[in-house]
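Under the numbering used here, think of the first position of the sequence shown as 137, with each following residue one higher. Backbone N, C-alpha and C fix where the C-beta goes; we use that ideal spot for every residue, glycine too.
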Amino acid sequence: MVNSRVEQNAGETPRRRLGVVGSWEKGPNGLDISLEKFQKWGSVEVYCRLEEYAPLTLVGTRVRIEVSGLVWRGELTSSRPGHLTASPGFTPRDFADEVGTNTVGHYLVSLDKATPATPEIIGATVYLD
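Right under this line is the structure:
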């Protein structure tokens with residue numbers, strides 16, 4: 137059973153939210169390094185509250201990443217619960233505030249070549265597609 141939050145707007149079918157794109161690390165300039173990680177590994181990191189964490193059996197599941205009308209598509213490549221605690225460097229800031237110092241769920245999502253990462257992806261919401 138997926139424990140992720142279900143979101144629905146008027147007239148839409150319910151969607152399961154996995155979490156948000158971000159990184160617990162900052163680069164030398166003090167900014168989120170999600171794009172650098174994407175360029176090196178081909179994946180972006182996604183975080184959620186531990187109680188919303190979905191099981192490892194979802195690896196290979198298609199996902200949709202959305203923010204401000206922009207959409208990326210990809211596939212869940214790995215997941216693990218509780219191995220990371222949100223730190224002062226954790227982004228996006230609103231998610232760090234939501235998580236506080238609680239342990240979080242962590243996913244890696246590989247993006248389709250047709251929708252490569254851009255700076256706007258940081259803080260985007262990830263849904264099961």
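Q) Rounded to a whole number of angstroms, what is the C-alpha to C-alpha distance between Trp-208 and Val-199? A) Here residue 208 refers to the residue found at position 72 of the sequence shown. Here residue 199 refers to the residue found at position 63 of the sequence shown. In a straight line, the C-alpha of Trp-208 is about 8 angstroms away from that of Val-199.
Q) Is the CB of Val-157 under 8 angstroms away from at least one CB in chain B? A) The structure shown contains no chain B; it is built from a single protein chain.
Q) By how many angstroms is the C-alpha of Leu-212 removed from the C-alpha of Pro-164? A) Here residue 164 corresponds to residue number 28 of the sequence shown, with the count starting at 1. Here residue 212 corresponds to residue number 76 of the sequence shown, with the count starting at 1. A direct Cα-to-Cα measurement between Pro-164 and Leu-212 gives close to 29 angstroms.
**Q.** Cross-strand partners of Thr-261 (DSSP beta bridge)
**A.** Numbered from 1 along the sequence shown, position 125 holds the residue referred to as residue 261. The partner list for Thr-261 (beta bridge, DSSP) reads Val-156 and Glu-202.
**Q.** Beta-carbon proximity check, Arg-153 vs Thr-261, cutoff 8 angstroms
**A.** Residue 153 sits at position 17 when you count from the first residue of the sequence shown. Residue 261 sits at position 125 when you count from the first residue of the sequence shown. With contacts defined as CB atoms closer than 8 angstroms, Arg-153 and Thr-261 qualify as a contacting pair.
Q | Distance, Lys-176 Cα to Ala-250 Cα | A | As a working note, residue 250 is residue 114 in the sequence shown. As a working note, residue 176 is residue 40 in the sequence shown. Those two C-alpha atoms are separated by around 17 angstroms.
Q) Bridge partners of Trp-208, per DSSP? A) Translated into positions along the sequence shown, residue 208 becomes position 72. In the DSSP output, where bridge partners are listed per residue, Trp-208 has Ile-201.
Q. Between Leu-244 and the rest of its own chain, which residues show a CB-CB distance below 7 angstroms, the 5 nearest in sequence each way excluded?
A. Reading the sequence shown from its first residue, position 108 is the one you call residue 244. For Leu-244, where only same-chain residues beyond five positions count, the Cβ hits under 7 angstroms are Ser-179, Glu-181, Thr-213 and Ser-214.
(Q) Using CA atoms only, rank isn't needed, just tell me which of Asp-265, Gly-259, Pro-150 and Leu-264 is closest to Leu-167. (A) As a working note, residue 167 is residue 31 in the sequence shown. The candidate whose alpha carbon is nearest that of Leu-167 is Gly-259.
Q) In this structure, does DSSP put Lys-290 in helix, strand or coil? A) With the chain covering only 137 through 265, there is no way to say anything about residue 290.
Q: Return the chain-ordered list of same chain residues with a C-beta closer than 7 angstroms to the C-beta of Pro-217, the five sequence neighbours on each side being excluded.
A: One-based indexing of the sequence shown puts residue 217 at position 81. Closer than 7 angstroms at Cβ, skipping near neighbours: Leu-186, Tyr-189 and Gly-241.
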